[in-house]
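These protein sequence lines map, in sequence, to chains A and B.
One gets the numbering used here by counting positions in the first sequence from 1 and adding 8 to each.
One gets the numbering used here by counting positions in the second sequence from 1 and adding 1236 to each.
In this text, a Cβ means the ideal position worked out from N, Cα and C, and glycines have one as well.
As structure tokens, the structure follows; a few thoughts come after it.
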Amino acid sequence: MEGKNNPAKNTSSKYKWPIVVAFLFLFIGTGVWYLVGPEESEEEVTDITEMDPDKVENGIHVRTGLIEAEGLQEVINNCTTCHSSKLIIQNRMGEEQWNSTIRWMQETQGLWDLGDNQKIIVDYLTTNYPPFKKGRRKALSNIEWYKLDQ
Amino acid sequence: MQNSYRLKRRNFVKKAGVGAVSTVLLSDIVYRNLLPEGYSPLAFQEPDPFKMFHKDPEMVLLNDKPWNMEAKAHLLNDDVTPNKFMFIRNNGIIPEDIDVSTWQLKIDGESVLNEKTYSLADLKSKFKHYTYQLTLECGGNGRSEFDPPAKGNQWSIGAVSCAEWTGVRLKDVLEDVGIKDDAVYIGYHGADIHLSRNPQKEPISRGMPIAKALQDETILAFAMNGEDIPLTHGYPLRLVAGGWPASVSGKWLNGISIRNKIHDGEKMGGSSYRVPCETVAPGEKVDDADMCIIESMPVKSLITYPKSGAIIDEGKSLKIRGHAWAGELEVSEMEYSIDFGSSWKTINVQKPVNRLAWQHFSGEVNFPKKGYYEIWARATDTNGNKQPMVLPGWNPKGYLNNACHRIAVKVV
């Protein structure tokens, strides 16, 4: 919605030349900065590449941390508007539980009707985030051993 | 009304910010089309929560919308929990533009004699101040262990704290306002914003029976550990009711309703902070009508020293310490086992500094020979209830897991 009134787009043709001049100036300035400036400037440069919202690395959608699979886009569009993808990733449920969770979000949290997307979303969740069997008590795991000086 | 005003202002600031950043980064035309609607460049995303909330980098971030973060056992070794190790459990968006000079607490409801509004200065000057160490544990602490899994933030063991809170007694304020004989419950209201940004919705509005509200230790706090309450923990005013699910301790407090029935605010009904009135089999469906509100938290303890994974030399004893708490009650006995519960030894546990403060235990553990060990800790409350070694009764939302905490030790 914000993008429709994007001031930068509307004004770019009008102020083309000043922008090109400014661009050149900044380009040269950046080059000089790159050669003599402090190292921190490199961080900003990498920030731009990491802005790609669709980037996938090792099967993980970088921006949300969700598994890249069929239904990912529907999950991003419908679920992460209100809450973090972190909440999805740490919860593991079956079909019935996901459907009742969606119903709860619709009844109390203002979630819209998902229509055909509901099945796509629930399939994505149950396929990629199935429940673990934990039993009554799990063994301790991921112990980081260290020598204790006493 | 106020919410929408805040919202407009926030978006304006964001837009101005995007323009400024893109000029500097030369990325305006090249990259803008790659940005999804409503997406802010990295420089203008929410800042690092550890820096923003002054949390230790070892804390574990569970959720960023809303913010939820927990401690690890060894981070909770202090007698009084400092902010940097205190868990965050937020249900909504932290209020924006807090102005303490205009902050008001409104007391209303069916059972109030006269509606009344206090400024922060009124509260501080009119009523006597009290300071208590109060244990606040999230009702869902330990949820991650339940099977079948329960939905929600998957807390492990770190959603508990015992900080020192300073404020005025709620009972003194209620006496000043005057409550009717038919009052049964109080409900709180806070300034936080619902995740949907709908100003008509409250993210959370829970409460407590009048008897709990009138306890000496139930306070309207304006300070934590001797300073202003940190923003994410309820600045500038928080209702604090130790020993009960921490969701009873409403943050950013701006209203209290004196009710003639059980408060029906957000997260008082359904499966929120409620458990089956009668125990059920794991995974069983439970009707809303058969769910009861959680009141006092159960007896529990944590070994905070050493950190799990210690390797020690054979023949040396190991000092251990930690905290134990029991909701409304006190911890009367503390035990540990190094043989998976075959035998238990008692260990010294101190009396609480004040009611509802956690208690500290410490002692020395000896191991008979080399090998892998687990130290299990078990507290007993004044009613004789002990912590279970396995998971306690399953419930749909995974509350009240007070199973024994344990750490791994290797003797070499």
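Practice task
Could you pull the start and end residues of the beta strand (DSSP E) that Thr1582/B belongs to?
Solution key: 1581 to 1585
Handout entry: Buried versus exposed, by CB contacts within 10 Å (16 or more), Gly143/A
Key = exposed
Handout entry: Contacts of Cys90/A in chain B (Cβ-Cβ under 7 Å)
Key = Leu1431, Ser1432
Exercise for the section: Answer yes or no: does any C-beta atom of chain A fall closer than 9 Å to that of Ile1498/B? Expected result: no
Practice task
Please compile the residues from chain A whose C-beta is within a distance smaller than 7 Å of the C-beta of Asp1300/B.
Solution key: Ser92, Lys94
Exercise for the section: Please confirm if the region 1556 to 1572 of chain B is in contact with the region 1601 to 1620 of chain B, defined as three or more CB-CB distances below 8 Å between the two stretches. Expected result: yes
Practice task
Determine, using beta carbons only, whether Asn1299/B and Ser1483/B come nearer to each other than 9 Å.
Solution key: No, Cβ-Cβ distance for Asn1299/B and Ser1483/B is not below 9 Å.
Practice task
Pick helix, strand or coil for Pro1285/B, following the three-state DSSP scheme.
Solution key: helix
Exercise for the section: Could you tell me the distance, in whole angstroms, from the CA atom of Pro139/A to the CA atom of Met101/A? Expected result: 5 Å
Practice task
Can you tell me the Cβ-Cβ gap for Tyr1354/B and Trp1401/B, rounded? I've got them flagged as a contact below 8 Å.
Solution key: Contact flag wrong, Cβ pair sits at about 18 Å.
Handout entry: Unbroken stretches of the beta strand (DSSP E), 3 residues or longer, contained in the region 1352 to 1387 of chain B
Key = 1352 to 1355, 1365 to 1373
Handout entry: C-beta atoms of Leu1372/B and Gly1545/B nearer than 9 Å
Key = no
Exercise for the section: Find the nearest neighbour of Ile1330/B within the set Gly1551/B, Asp1418/B, His1430/B, judged by alpha-carbon distance. Expected result: Each of Gly1551/B, Asp1418/B, His1430/B was checked against the Cα of Ile1330/B, and the nearest Cα belongs to His1430/B.
Practice task
Identify the contact partners of Met133/A in chain B, using a Cβ-Cβ distance below 9 Å as the criterion.
Solution key: The residue you asked about is not Met; residue 133/A is Leu in the sequence shown. By Cβ distance, chain B contributes nothing, its closest Cβ being about 11 Å from Leu133/A, past 9 Å.
Problem - Residue span of the beta strand (DSSP E) that contains Ile128/A, given as start and end - result: Careful: Ile128/A lies outside any beta strand (DSSP E), inside the alpha helix (DSSP H) at 125 to 136.
Exercise for the section: Return no unless some Cβ of chain B is closer than 9 Å to the Cβ of Gln114/A. Expected result: no
Practice task
Answer with yes or no whether the minimum CB distance from Met1295/B to chain A is below 9 Å.
Solution key: For Met1295/B, not one C-beta of chain A is nearer than 9 Å to its own C-beta.
Exercise for the section: Determine whether the Cβ of Leu1311/B lies closer than 9 Å to any Cβ atom of chain A. Expected result: No, Leu1311/B does not count as interfacial toward chain A.
Problem - Selection of the region 1545 to 1579 of chain B by Cβ proximity to chain A, strictly under 9 Å - result: Gly1545, Ala1546, Ile1547, Ile1548, Asp1549, Lys1552, Ser1553, Leu1554, Lys1555
Handout entry: Counted within 10 angstroms of its Cβ, other Cβ atoms place Arg111/A as buried (16 or more) or exposed
Key = exposed
Problem - Near-chain B residues of the region 134 to 154 of chain A - C-beta to any C-beta below 8 Å - result: Hits within the stretch, in order: Pro139, Phe140, Lys141, Lys142, Gly143, Arg144, Arg145, Lys146, Leu148, Ile151, Glu152, Trp153, Tyr154.
Practice task
Kindly confirm or deny that the region 60 to 75 of chain A and the region 112 to 119 of chain A touch, where touching means at least three C-beta pairs closer than 8 Å.
Solution key: no
Problem - Cβ distance (whole Å) where Ser1347/B is taken to contact Asp1418/B below 8 Å - result: The pair is a contact, with the Cβ atoms about 6 Å apart (cut-off 8 Å).
Handout entry: Close beta carbons around Asn1602/B, own chain, < 6 Å, minus the five adjacent residues each side
Key = Ser1553
Handout entry: Cβ contact (3+ pairs, closer than 8 Å) linking the region 144 to 154 of chain A and the region 128 to 135 of chain A
Key = no
Practice task
Classify Ala1517/B as helix, strand or coil using the three-state DSSP reduction.
Solution key: coil
Exercise for the section: Using three-state DSSP, classify Thr72/A as helix, strand or coil. Expected result: Three-state result, Thr72/A: coil.
Problem - Contiguous alpha helix (DSSP H) assignments of at least 4 residues, all confined to the region 1585 to 1617 of chain B - result: none
Handout entry: Residue burial classification, Ile1465/B (beta-carbon count within 10 angstroms, cutoff 16)
Key = buried
Exercise for the section: Report yes or no: is there a C-beta of chain A within less than 9 Å of the C-beta of Glu1351/B? Expected result: Glu1351/B does not count as touching chain A.
Exercise for the section: Would you please state the rounded distance, in angstroms, between the beta carbons of Thr1499/B and Ser1493/B? I believe it to be under 8 Å. Expected result: It is worth fixing the name first, because residue 1499/B is His in this sequence and not Thr. Cβ-Cβ separation between His1499/B and Ser1493/B: approximately 7 Å, consistent with a contact (criterion under 8 Å).
Problem - Cutoff 6 Å; reference Asn1461/B; Cβ partners in own chain excluding five residues on either side - result: Ala1399, Glu1400
Problem - Residues near Pro1624/B by beta carbon distance below 8 Å, same chain, minus five either side - result: Asn1638, Ala1639, Cys1640
Practice task
Pick out whichever of Ser1573/B, Ile1583/B, Lys1487/B, Trp1612/B has its Cα sitting closest to the Cα of Leu1456/B.
Solution key: Lys1487/B
Practice task
Could you confirm whether any beta carbon from chain A is found closer than 9 Å to the beta carbon of Arg1642/B?
Solution key: Taking Cβ atoms only, chain A reaches closer than 9 Å to Arg1642/B, which makes this a yes.
Practice task
Could you please tell me which residues of the region 105 to 130 of chain A, in chain order, have their CB closer than 8 Å to any CB of chain B?
Solution key: Gln105, Thr109, Trp112, Thr116, Gln117, Gly118
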